[in-house]
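The structure appears right after this line, and notes come after that.
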Amino acid sequence: MSTSWQWPGGLASSPRREVVKTPMRNRSAGGGFTLLELLVVIGIIAVLAALLLPALNRSLEQGRSIACINNLRQLQTCWLVYADDHENTLPPNDYVYSVNTRTPVSKGVSWCPGNTRLDRNTDNIKLGVLYPYHTAVNIYRCPSDKSSVEDENGNPIGLPRTRSYNMSAAVNCSIASDIIPTYRKYNEISQPTPDKFFVFIDTHEDSILDSHFGLCQPNSYFGNVWFDIPANRHNQGANLSFADGHVEHWRWAWPKVYNLMPQPVANAQDLRDMRRLQAAMKPSN
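Using our numbering, you'd call the opening residue of the sequence shown number 43 and step up by one each time.
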């Protein structure tokens, strides 16, 4: 006869069951994110960054372009005041380098002498005839211009350049006036009118040397050749000031890339850009 004890009511005893609660495998004990969740968040952030960064870069560049426009507006004001102080005579533009030899062909009086590729300080800016009208040297440099000063062999030395702008060769320049017609007095500017006659231009960092922007008229032997190339750094465009005092942003039909000097036009779109600039200079007789 069995001697095992029974529960009242005839229920047999059974082993006690223990319920063991295990932690969730998909979440850490501290309630933080799991690795999978973190990867998802990182992926979302990466997608958002890819979408937003180009817009942010465009916004930053737009701000730099506005600062460049302000620089040109101030230089243009100096230019106008100089002409007013000198009985309508325009600021001289006679410090000119050869685009072939990259050496000076004239070291005459200029709104800004020197070679910005070699100038390690702002001394040449201070020698220019416009400097007394505005002594802030930073207005001579575009904030989007990241180019460096070079040594005599063309090697960058890590110093930011001091000037990014050139003045049209159609402004009071004695050099090559037989192929690039020039105005010497403000009251002579008639074709085009002052509101369409460009003065200062944002110049390509690989092309710039002196402060003179040379461009012949279409009927010249060099009518389809770039001697100096306009900048391309502002959304495939450059900023220009005009003789009436206003400043414009011009977007180019064709990207401006330096290859050699002198440089023939690349194609019909590049030629359209050149003709647009030529129309903003004094025409040939």
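Each residue gets a CB set at the ideal place from its N, CA and C atoms; glycine is no exception.
Distance between residue j and residue i (C-alpha atoms, nearest Å)
i	j	result
Pro155	Arg314	31 Å
Pro306	Val299	12 Å
Asn281	Asn113	10 Å
Gly74	Ile86	18 Å
Gln118	Arg226	16 Å
Pro174	Ile84	55 Å
Asn135	Ala211	7 Å
Gly279	Thr76	49 Å
Pro325	Arg318	12 Å
Ser70	Leu78	A caution first: Ser70 carries a pLDDT of 49, below 50, which makes its placement in the model unreliable, though a value can still be read off. The straight-line gap from Cα to Cα measures roughly 12 Å.
Thr143	Met303	10 Å
His254	Asp248	15 Å
Per-residue DSSP class, three states only, for residue i
i	result
Gln320	helix
Gly256	coil
Ala308	coil
Thr64	The predicted model places Thr64 with a pLDDT of 48, which falls under 50 and marks its position as unreliable; any figure quoted below should be read in that light. Note: Thr64 maps to coil in three-state DSSP.
Asp244	strand
Tyr124	helix
Lys238	helix
Tyr228	helix
For residue i, the nearest candidate out of the options (CA to CA)
i	options	result
Thr131	Ile231, Ser140 and Gln259	Ile231
Val160	Leu80, Arg203 and Gln320	Just to set this straight, residue 160 is Leu in the shown sequence, not Val. Minimum Cα distance to Leu160 is reached at Arg203.
Ala310	Glu103, Val267, Ser219 and Gly150	Val267
Lys188	Thr145, Thr158, Leu80 and Gln259	Thr158
Ala218	Ser253, Leu257 and Asn197	Leu257
Thr235	Ala285, Trp294 and Val138	Ala285
Cβ-based neighbour list, residue i, same chain, cut-off 6 Å, excluding 5 preceding and 5 following
i	result
Cys184	Cys110, Ser206 and Asp244
Thr164	Val179 and Thr204
Ile199	Val191 and Asp193
Environment of residue i [buried if 16+ CB atoms lie within 10 Å]
i	result
Asn152	Asn is not the amino acid found at residue 152; the sequence shown has Ser there. So Ser152 ends up on the buried side.
Arg275	buried
Asn208	buried
Ile108	exposed
Thr224	buried
Beta-carbon proximity list for residue i, same chain, < 7 Å, skipping 5 on both sides
i	result
Arg162	Val191 and Leu201
Trp121	Pro133, Leu172 and Val241
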